[in-house]
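Okay, structure first, notes after.
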Amino acid sequence: MRKTMYTQMKPLWPIIRRYRWSFINLFICVVVTSVIGMVYPYIFGMLIDEVFYQRNLQFLKYIVILYGAVFAGEQCLHICFNSAWAYLATRFSFDIRKRLYDKLLSLRPAFFTASKSGDLMTIINRDTEEILAFIHLNVFFLAANILRLLTAVAFVLYASFYLGLLMLVAVPAVVFVTVMFNRRLRTRLTEQREQYGTLMSWCFEMLAGLQDIRLLGAGKYSSRTFVHMLIQYMRVKNSSSKLEWISERTIGLISLCSDLALYVTACYLIIHQQLTLGVFIASMEYFSKGGELLQRISGASRSIQRNKVAIDRVISLLQEPEENKGSDLPGLRVTKGNIEFDNISFSYNPETPVLLNLSLALEGGTTVALVGKSGSGKTTLASLLLGLYQPESGEIRVDGTLISRCSLRSLRQAVSTNAQETFLFAGTLRENLLWGSVYQADKALWTACEQAFISEYIRTLPEGLDTLIEGDRGLRMSEGQKQRISLARSFLRPAPIIIYDEATSALDGEAEKAVRAQWNNLGGSRTAIVIAHRLSTILSADKVAVLDNGRIVAYDHHLRLLSDSEIYRRLFYEQYAENGLGMNHEETAAQYQA
Numbered sequence: 344m345r346k347t348m349y350t351q352m353k354p355l356w357p358i359i360r361r362y363r364w365s366f367i368n369l370f371i372c373v374v375v376t377s378v379i380g381m382v383y384p385y386i387f388g389m390l391i392d393e394v395f396y397q398r399n400l401q402f403l404k405y406i407v408i409l410y411g412a413v414f415a416g417e418q419c420l421h422i423c424f425n426s427a428w429a430y431l432a433t434r435f436s437f438d439i440r441k442r443l444y445d446k447l448l449s450l451r452p453a454f455f456t457a458s459k460s461g462d463l464m465t466i467i468n469r470d471t472e473e474i475l476a477f478i479h480l481n482v483f484f485l486a487a488n489i490l491r492l493l494t495a496v497a498f499v500l501y502a503s504f505y506l507g508l509l510m511l512v513a514v515p516a517v518v519f520v521t522v523m524f525n526r527r528l529r530t531r532l533t534e535q536r537e538q539y540g541t542l543m544s545w546c547f548e549m550l551a552g553l554q555d556i557r558l559l560g561a562g563k564y565s566s567r568t569f570v571h572m573l574i575q576y577m578r579v580k581n582s583s584s585k586l587e588w589i590s591e592r593t594i595g596l597i598s599l600c601s602d603l604a605l606y607v608t609a610c611y612l613i614i615h616q617q618l619t620l621g622v623f624i625a626s627m628e629y630f631s632k633g634g635e636l637l638q639r640i641s642g643a644s645r646s647i648q649r650n651k652v653a654i655d656r657v658i659s660l661l662q663e664p665e666e667n668k669g670s671d672l673p674g675l676r677v678t679k680g681n682i683e684f685d686n687i688s689f690s691y692n693p694e695t696p697v698l699l700n701l702s703l704a705l706e707g708g709t710t711v712a713l714v715g716k717s718g719s720g721k722t723t724l725a726s727l728l729l730g731l732y733q734p735e736s737g738e739i740r741v742d743g744t745l746i747s748r749c750s751l752r753s754l755r756q757a758v759s760t761n762a763q764e765t766f767l768f769a770g771t772l773r774e775n776l777l778w779g780s781v782y783q784a785d786k787a788l789w790t791a792c793e794q795a796f797i798s799e800y801i802r803t804l805p806e807g808l809d810t811l812i813e814g815d816r817g818l819r820m821s822e823g824q825k826q827r828i829s830l831a832r833s834f835l836r837p838a839p840i841i842i843y844d845e846a847t848s849a850l851d852g853e854a855e856k857a858v859r860a861q862w863n864n865l866g867g868s869r870t871a872i873v874i875a876h877r878l879s880t881i882l883s884a885d886k887v888a889v890l891d892n893g894r895i896v897a898y899d900h901h902l903r904l905l906s907d908s909e910i911y912r913r914l915f916y917e918q919y920a921e922n923g924l925g926m927n928h929e930e931t932a933a934q935y936q937a
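Sequential numbering from 344 applies to the sequence shown in the working numbering.
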């Protein structure tokens, strides 16, 4: 079932209604301007008949006054329209982009797993502009040209019934051709937009991994892939352009035939004194304007098809199901920091379950390391605690309270996270430290930086905490420095539960040991879950939980697990061999815990 314009734009009506009076005033300007602008040929026809042939010089004065008044009124309305539209377009695009950004912040993580960053960037930037173009073309430009065309037909019908009939035949013919081609064009434009989004997403990925491409010697392969994708996009684009060109030429042929019919009919009527020369010249001008208007209407309708494809993408994003934030639910109150995973099952797709009837209890104030092979479910378990995903079965409790019955805002305020790959925003060091935290004085910032062992480096910078990082002109930081900034953030956030996803992997041994000592100084009220890939993380934990095939197969202290768990012992010795630490695990454990 085809959507009407109203149905298609329905999710945007709350924003449109906010500016309804501006739209109404602009539309009135369009209507008046369109009608006034079509008076000129009629005035010129009167000039020929009354002044040139009738020698009525007195009438010339009225024509000059009328012409000047029409021109002045038209220009005033044009100025009003353009200034009002510039203001409206800026505010309207701002509101749409803000709504899209807010929508992205509220979407479920599964959406981002299935989406491409290039597509999302295209929707926020290009497709938003297409909505403005759609309103401008569909509401104003197209409406204005249709009104001008109807005015031209009315003037010609008033002047000569036979010439008016010619226009009434030409206009429906052009409308039929336009509708016929637009149906095919929209399909091509949808495919073109999809190809463009795929190409942009690929380009973003390649730019992010440009150094790896060079180191792997994959430059030629990358270049061939780019050329292949670009050719696919160009083929679809050329197909759309070809269809537009055929449509334009067909309409041009109809306009030519209507002009020839006008000349033949007008000559016959003039010879038989049924038409004056002034009316003929005015009618010829209306036919010429009518042809131009039909071309514009056809071009606008093709552009509207392109706009509709973009609008579909914007609307589709706005209609994506949001994360259930539980705003009406009570906040989570953490007193001890006890965490309980009770019979949890979860899968990203039905064919491959990630967690199966997993149960795990963490005592408040302890540090628990999660170990297991890649894909065993360590990061997924942390994501469930953060409320990024909902378990298919089972329950998660914090201090006996079900997190599903608490607001997401309070849950994420109670749980802070540090990932292995730290993302820093373009801005100052101060701004990056305060992300997710309330404003804090410089003393607190420096204390957090000292705890993360990044303060000495920051003091060497000319502008200290106000140094710009990342971005086009910002300071580039190493992975180790980025991780220390992320750790400083967690020290600034008084969250009672902390998740570390190998948050110190880029630090050297001495720095990691010092940072870990600062964790221990934060107080027993903090419960720490550490997704571990390094031995130092395992050895410093109070307990170790071993995951295998989505289940907890062992949970105890490191030394006891070495004695009792074959799976853990195998994992541990593989790590020893990889890091060259020898086989005396008891001595090594004591060394790390000292």
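All C-beta atoms in this analysis are idealised placements derived from N, C-alpha and C, irrespective of residue type, glycine included.
The bridge partners DSSP lists for Pro515 come to none. Shortest Cα-Cα distance from Ser426 to any of Arg451, Tyr383 and Asn368 involves Asn368.
The shortest C-alpha to C-alpha distance from Val652 to any of Trp364, Asn525 and Ser798 is the one to Asn525.
With a 10 Å radius around the Cβ and a threshold of 16 neighbouring Cβ atoms, Ser584 comes out exposed.
The C-beta distance from Ile881 to Ala888 rounds to 11 Å, too long to fall under 8 Å, and the pair is not in contact. Per DSSP, the continuous beta strand (DSSP E) segment holding Thr710 begins and ends at Thr710 to Gly715. When DSSP reads this structure, Lys786 sits in no beta bridge, so it has no partner. The beta carbon of Gln575 is closer than 7 Å to those of Gln538 in its chain, skipping five residues each way along the sequence.
When the alpha-carbon of Ile797 is set against those of Ala784, Arg773 and Trp778, the nearest one is in Arg773. Relative to Arg755, the option among Ala762, Gly730, Asp742 and Tyr898 whose CA is nearest is Gly730.
A Cβ-Cβ separation of about 13 Å leaves Phe689 out of contact with Leu703 under the 8 Å criterion. Per DSSP, reduced to three states, the secondary structure at Pro696 is strand.
Sequence-distant partners of Val382 (beyond 5 residues in either direction) whose C-beta falls short of 7 Å from its own C-beta, in its chain, are Val413. Ala725 and Asp907 have their C-alpha atoms some 26 Å from each other. DSSP places Leu804 in no beta strand (DSSP E); its state is neither H nor E. By the neighbour-count definition (other C-beta atoms within 10 Å, threshold 16), Met510 is a buried residue.
Shortest Cα-Cα distance from Ile358 to any of Leu390, Gly621 and Leu661 involves Leu661. With a cutoff of 8 Å on beta-carbon distance, Tyr629 and Val499 are scored as near each other.
For Lys721, the uninterrupted alpha helix (DSSP H) segment begins and ends at Lys721 to Leu728. With respect to Ala643, Asn468 sits apart: the two C-beta atoms are not nearer than 8 Å.
Non-local beta-carbon contacts of Ile640 in its own chain, meaning distances under 6 Å to residues more than five positions away in sequence, involve Asn488 in chain order. The alpha carbon of Lys825 has as its nearest neighbour, out of Trp789, Thr870, Asn775 and Leu701, the alpha carbon of Asn775.
The DSSP-derived three-state label of Glu822 is helix. The way I'd put it, the region 784–791 doesn't touch the region 741–754; fewer than three beta-carbon pairs between them come closer than 8 Å.
Within the DSSP bridge table, the entry for Phe689 names Leu698 as partners.
Annotation for Asn761: the continuous beta strand (DSSP E) segment containing it runs Val758 to Asn761. Contact between Gly737 and Asn692 does not hold, since their C-beta atoms are separated by about 18 Å, which reaches or exceeds 8 Å. Runs of the alpha helix (DSSP H) lying entirely within the region 362–396, each at least 4 residues long, are 363–380 and 383–389 in chain order. Inclusion of Glu666 and Leu450 in the CB contact set at 8 Å is warranted, their separation being smaller than that value. The DSSP-derived three-state label of Asp671 is coil.
Taking Leu443 as reference, the option from Ile654, Ala884, Arg557 and Cys600 with the minimal CA-CA separation is Ile654. Taking the Cα of Leu448 as reference, the smallest distance to any Cα among Glu663, Ala497 and Tyr606 is reached at Glu663. Using a C-beta cut-off of 8 Å, the region 587–599 makes no contact with the region 455–475, since fewer than three inter-stretch Cβ pairs fall below that distance.
Inside the region 409–459, DSSP marks whole alpha helix (DSSP H) runs of 4 or more residues at positions 452–457, from first to last along the chain. Thr870 is bridged by DSSP to Ile840. Checking the DSSP bridge columns, you'll see Ala831 has no partner listed.
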